[in-house]
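Everything in the sequence shown is counted per our numbering, starting at 2 for the first residue and increasing by one.
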Amino acid sequence: MPKLTFRNSHGQLVDISAVAATKAKNEFGAILEQTIHSGAVAITRHDTPKAVLLSFAEFESLVKDRSRSLDDLNTEFDGLLARMQTPHARKGVEAAFNASPIELGRAAVKAAQKHRAPVRKRARRAPVAARA
Numbered sequence: 002m003p004k005l006t007f008r009n010s011h012g013q014l015v016d017i018s019a020v021a022a023t024k025a026k027n028e029f030g031a032i033l034e035q036t037i038h039s040g041a042v043a044i045t046r047h048d049t050p051k052a053v054l055l056s057f058a059e060f061e062s063l064v065k066d067r068s069r070s071l072d073d074l075n076t077e078f079d080g081l082l083a084r085m086q087t088p089h090a091r092k093g094v095e096a097a098f099n100a101s102p103i104e105l106g107r108a109a110v111k112a113a114q115k116h117r118a119p120v121r122k123r124a125r126r127a128p129v130a131a132r133a
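Listed below in structure tokens is the structure:
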């Protein structure tokens, strides 16, 4: 079976070995050593890739870049909270809660008009007598 190619955690295209599921089951220790040294091994069933065994280092580097740290989330939350605590934001919230139903309706219509997609004009059809 030809080698499979995948993009590793460093963005490089690398070939990975493929082993049959039966061989992986019977020779797991050897397959594990191969995985530790090469980074990944594909496990196939009937020559079709079904799973990939990754070394822990490869797994960590793939996952690390995709997950946000708690510190990043705390920093983002603190920034959002600080923006909500400004005098301008407080006045806006107070105005929204003290608004009458008519004022709320006007604000909703105004906001909807701002974000509405432009309406296309339809071509007028010729009168029936002119089409004949």
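Even for Gly, the Cβ is constructed at its ideal location relative to N, Cα and C. In this text the structure is predicted, and so the values were computed from the model without any measurement.
With distances taken between CB atoms, is the gap from S70 to S39 smaller than 8 Å?
-> To locate residue 70, count along the sequence shown from 1; it is residue 69. To locate residue 39, count along the sequence shown from 1; it is residue 38. Between S70 and S39, the gap from beta carbon to beta carbon reaches 8 Å or more.
Paired residues, beta bridge with A21 - DSSP = Along the sequence shown, read from residue 1 onward, the residue named residue 21 stands at position 20. A21 is bridged to T45.
Round the Cβ separation of T6 and D16 to the nearest angstrom and send it over; I've been treating them as touching at under 8 Å.
-> The count along the sequence shown starts at 1 and reaches residue 6 at position 5. The count along the sequence shown starts at 1 and reaches residue 16 at position 15. Contact flag correct, Cβ pair sits at about 5 Å.
In three-state terms, what does DSSP make of T6?
-> Position 5 of the sequence shown, counting from 1, holds the residue named residue 6. When DSSP states are grouped into helix, strand and coil, T6 belongs to the strand group.
Contact the region 45-62 vs the region 78-87: 3+ CB pairs below 8 Å = In the pairwise beta carbon analysis, the region 45-62 is classified as not touching the region 78-87: fewer than three pairs are separated by under 8 Å.
DSSP on A52, reduced to helix/strand/coil?
-> Position 51 of the sequence shown, counted from the start, is the residue given in the question as residue 52. Of the three classes helix, strand and coil, the one that applies to A52 here is strand, per DSSP.
State the beta-bridge partners of V15 as determined by DSSP.
-> By one-based count along the sequence shown, residue 15 stands at place 14. F7.
Is the beta carbon of V42 sitting closer than 8 Å to the one on L54?
-> Here residue 42 corresponds to residue number 41 of the sequence shown, with the count starting at 1. Here residue 54 corresponds to residue number 53 of the sequence shown, with the count starting at 1. Yes; because the gap between Cβ atoms is below 8 Å, this pair is in contact.
Tell me whether T36 is buried or exposed, calling it buried when 16 or more other Cβ atoms sit within 10 Å of its Cβ.
-> Looking up residue 36 in the sequence shown gives position 35. Within a 10 Å sphere around the beta-carbon of T36 sit 16 or more other beta-carbons, which makes this residue buried.
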